[in-house]
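Undergrad: Protein chains in written order, with our numbering: chain A, -10 to 320; chain B, 11 to 526. Glycine residues also receive a C-beta, built at the ideal position from the N, C-alpha and C atoms. Dumping the structure here so I can ask a few things about it.
The following block contains the structure:
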């Protein structure tokens, strides 16, 4: 196999030195540092197998939504509806399985198809018709929130088949619920797709230079549309995980994952391959965010610390990646 | 014109140099009241330096400027040209498309008025209607400028320069400098602009009409001044000057007799490329053929549309009509796309390298392997190593320096960037290589290398090169097609293919001429 090293250092920067290594390593180093910090401050509750197991697995749906986001982000488009798609997917499963008695397997399948359909609508409206993706997906996100409340009668629908719950959280591998490992597998697939397939590289080219891509003969509209359908599909998968984690679906929690997902996507773009959205970067960023929040809560912080942390992380990440980009284009 | 009055504008021995290069070497001319005065000259003749001195951008090294017989202090202080009644309408017109006609008209007052809080739109509208009526113009003050026809935008800009806010207090007779206002106007609409210019002159104001277009200059101006290499090459009454005299004054070389353009012989069998009836962007009715091994240049003045020909053949812009015959295949250009073009081996090296040619913040490797990524897929994996090897090989072949394909494209110099874009398209020899300003922003050394590369690439294939660099066309091409107003107007080849000949043909009017 081609050395991964060749990919992770795509640029041999002039006068590289310390900065060249410091940049990709900053996030992992800070992550380890806060683990050590919380470990020292709260050894009894923080440094336990149970705590780490929970930290690793509890935010897998967030990870999946962040992974969904980086596909259109790489192609240069925003998808602000992806968290609402996850909410829709979870609610469709709950309504079909609980209220209508549809077998769980079919319910999941329908939820995924509905999610893909949303992606197709997004793609047709924004790419084929030519309206800004930001506006279309913003509208779509709110529209879907309305639909979710509508079909779920504005309440939490609980009692989803335990088969799904077992399949997603009860089973464990290496002491961590399988949900986490699903996320890891998804990262691996996305990493392979984005770095080791021509389609994935074309996606990057479309994002970095749309006109260059068009004149090179790349089907820009197809790529951008495909990215939106993919993000909606992955959002649907995120919804399945949400439904399976709690055994229920509620109309409000999924849309709240949008901002943390952006924070994870941009924070992830400051590491591994600085300046580029990456699957492993998302994983690392989600783990960092969860660790920080968990540690602060164990130190007695109130729940609003979550918003503080996510919001600050998004701002810091975007500022950092902007600075990285600016420095690159200057050099 | 009435009895001889003091000239409205008098320029005496104006000189200006930039770091040793003499842009103006003592220019003297004057503009009489009520006169439309043409200012002609090739690129680099000193025209724009002169205008920028009048507008107060540059400080001249010597000479004087008088307005209505009174010397003015140089450089002209900001705001002084306007206070003296000197107004400028540049090619881009300086209008805001999303604002209304009235808002654009009043933009100076809106931007600078001390009365911040109140404005009587009704009164302003009435006033503007009166001004428009005076010039016999039918524009709706409430219409967004973006919805106006191009010529109406030009008319608005001229009227604003003459009668916009603040002009009420100025001298009755003013000067408007029209800096290439017709370049992007359709031929039929230029007449309306000229009607307005005439009206302005009849009212006693003057117009300094800067243009490349000899036909227009001959049609609208009373007198004309030609600049060449910073000096006045000719000044005189327009009606007494022949086109040849004007061309000679601009080009500075002995004028050859014109050749008209011969339509290609459809029976000619040995061509690999034939374009028929192409209409796209600014061009229409474009017909030409190319034989294997030929390098064909396309040029013309700004606004002639020469670059639209190569961009349409590349599929980069949409064609409304036309056919392309490539070897045995005939293609309708209206359904042509870059994707289909590249699949047919028709590739474009665009003028805008960083926006269209390659991606600045990706490594050279990614940029050169872009067209055929699937080739590097083996065993289900894209082989980065193979891509880098190929990029290194291409960097050697095309002498891209520094020779590290992992460098970002944006880190290379202009010349090396262009070599990378050429390598991207020449690694699999194309059938038709399309170049647009191929050596723009490229240093001299790399320029020669690029010429050599293009010549080598032309062997057995066709190269079309759209360029405004006449030196380059003379050096590189076997044949040059000259476009005027969107049509092929002349063709130069063989011994006649010289820089001055190309420039001369670009400048000539569009009238038919018989070859002699």
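Would you mind telling me which residues of chain B sit closer than 7 Å to residue 200 of chain A, beta carbon to beta carbon, in chain order?
TA: By Cβ distance, chain B contributes 365 and 366.
Undergrad: Taking DSSP as the reference, what is the three-state secondary structure of residue 40 of chain A?
TA: Three-state DSSP puts residue 40 of chain A in a helix.
Undergrad: Return the CA-CA distance between residue 257 of chain B and residue 46 of chain B, expressed in angstroms with no decimal places.
TA: In a straight line, the C-alpha of residue 257 of chain B is about 20 Å away from that of residue 46 of chain B.
Undergrad: Could you have a look at residue 72 of chain B and say whether DSSP puts it in helix, strand or coil?
TA: Note: residue 72 of chain B maps to strand in three-state DSSP.
Undergrad: With three or more C-beta pairs closer than 8 Å as the rule, is the segment 223 to 236 of chain A touching the segment 79 to 95 of chain A?
TA: Because the criterion of three Cβ pairs below 8 Å is met, the segment 79 to 95 of chain A and the segment 223 to 236 of chain A touch.
Undergrad: Which class does residue 487 of chain B belong to by DSSP, given the choice of helix, strand or coil?
TA: Correct three-state label for residue 487 of chain B: coil.
Undergrad: If we ignore side chains and look at the alpha-carbon of each, how far apart do residue 42 of chain A and residue 151 of chain A end up?
TA: Rounded to whole angstroms, residue 42 of chain A to residue 151 of chain A spans 21 Å at the Cα level.
Undergrad: Give the interface partners of residue 206 of chain A over in chain B, defined as CB-CB distance under 7 Å, in chain order.
TA: Per Cβ cutoff of 7 Å: 348, 349, 352, 353 and 381.
Undergrad: Report the option in B:479, B:389, B:380 and B:231 whose CA atom is closest to the CA atom of residue 430 of chain B.
TA: Looking at the Cα atoms, B:380 is the closest of the given residues.
Undergrad: Does any residue of chain A bring its CB to less than 7 Å from the CB of residue 387 of chain B?
TA: Taking Cβ atoms only, chain A reaches closer than 7 Å to residue 387 of chain B, which makes this a yes.
Undergrad: Let me know the alpha helix (DSSP H) ranges lying completely inside the segment 149 to 223 of chain B, each 4 residues or longer, listed in chain order.
TA: Listed in chain order, they are 160 to 173 and 197 to 212.
Undergrad: Helix, strand or coil, according to DSSP, for residue 300 of chain A in the structure here?
TA: It is helical.
Undergrad: Kindly list, in the order they appear in chain B, the residues whose Cβ is closer than 7 Å to that of residue 191 of chain A.
TA: The contacting residues are 383.
Undergrad: Using a Cβ distance threshold of 8 Å, determine whether the segment 326 to 340 of chain B contacts the segment 387 to 398 of chain B, with at least three qualifying pairs required.
TA: Segments in contact, no.
Undergrad: List the residues of chain A whose Cβ lies closer than 7 Å to the Cβ of residue 369 of chain B, in chain order.
TA: Per Cβ cutoff of 7 Å: 194, 197, 198 and 201.
Undergrad: When the Cα of residue 62 of chain A is compared with those of A:306, A:254 and A:27, which residue comes out closest?
TA: That would be A:254, whose Cα lies nearest to the Cα of residue 62 of chain A.
Undergrad: Report buried or exposed for residue -6 of chain A, applying the criterion of at least 16 other Cβ atoms within 10 angstroms of its Cβ.
TA: For residue -6 of chain A, the predicted model reports a pLDDT of 31, less than 50, meaning its position is unreliable and no value from the coordinates is stated.
Undergrad: Give me the subset of the segment 411 to 432 of chain B whose CB atoms are less than 8 Å from a CB atom of chain A, sorted by chain position.
TA: So the list reads 414, 416, 417, 418, 420 and 421, given in the order they occur along the chain.
Undergrad: Below 8 Å on C-beta distance, what does residue 545 of chain B contact in chain A?
TA: What is shown of chain B runs 11 to 526, which leaves residue 545 of chain B out entirely.
Undergrad: Taking Cβ positions only, does residue 13 of chain A come closer than 7 Å to chain B?
TA: No, residue 13 of chain A lies away from the interface with chain B (no Cβ there is under 7 Å from its Cβ).
Undergrad: Can you tell me whether DSSP reads residue 210 of chain A as helix, strand or coil?
TA: Three-state result, residue 210 of chain A: helix.
Undergrad: Under three-state DSSP, which class holds residue 97 of chain B?
TA: In the structure shown, residue 97 of chain B sits in a strand (DSSP, three-state: E or B).
Undergrad: Any beta carbon of chain B sitting closer than 7 Å to that of residue 185 of chain A?
TA: Closer than 7 Å: yes.
Undergrad: Thinking C-alpha only, which one of A:122, A:149 and A:73 is nearest residue 96 of chain A?
TA: Ranking the options by Cα distance to residue 96 of chain A, first place goes to A:149.
Undergrad: Can the beta-carbon of residue 206 of chain A be found less than 7 Å from the beta-carbon of residue 349 of chain B?
TA: Yes.
Undergrad: Within its chain, find whatever has a CB closer than 8 Å to the CB of residue 244 of chain A; leave out the 5 residues flanking it on each side and keep chain order.
TA: So the list reads 72, 73, 76, 130 and 134, once near-sequence residues are dropped.
Undergrad: Specify, as a first and last residue, the run of the beta strand (DSSP E) that residue 445 of chain B falls within.
TA: Counting along the chain, the beta strand (DSSP E) containing residue 445 of chain B begins and ends at 442 to 446.
Undergrad: Consult DSSP for residue 358 of chain B and reduce its assignment to one of helix, strand or coil.
TA: Strand, per DSSP.
Undergrad: Leaving out five residues before and five after residue 69 of chain A in sequence, what residues of the same chain have Cβ atoms less than 6 Å from its Cβ?
TA: 126, 127 and 130.
Undergrad: Report back the beta-carbon spacing between residue 532 of chain B and residue 471 of chain B to the nearest angstrom; my notes put them in contact at under 8 Å.
TA: This structure cannot speak to residue 532 of chain B, because chain B is shown only from 11 to 526.
Undergrad: Taking the Cβ atom as the reference point for each residue, do residue 201 of chain A and residue 403 of chain B lie within a distance shorter than 7 Å?
TA: Cβ distance not < 7 Å, so residue 201 of chain A and residue 403 of chain B don't count as in contact.
Undergrad: What residues in its chain sit with their C-beta under 7 Å from that of residue 99 of chain A, if we drop five residues either side in the sequence?
TA: So the list reads 81 and 85, once near-sequence residues are dropped.
Undergrad: Have a look at A:36, A:38 and A:59 and flag the residue whose alpha-carbon is nearest the alpha-carbon of residue 252 of chain A.
TA: Nearest option by C-alpha distance: A:59.
Undergrad: Taking only beta-carbon positions, decide if residue 105 of chain B is within less than 7 Å of chain A.
TA: Not an interface residue.
Undergrad: Answer yes or no: do residue 45 of chain A and residue 287 of chain A have a C-beta to C-beta separation smaller than 7 Å?
TA: Taking 7 Å as the Cβ cut-off, residue 45 of chain A and residue 287 of chain A do not qualify as a contacting pair.
Undergrad: Do the segment 301 to 311 of chain A and the segment 50 to 58 of chain B touch if we need at least three Cβ pairs shorter than 8 Å?
TA: Output reads no: the segment 50 to 58 of chain B does not touch the segment 301 to 311 of chain A.
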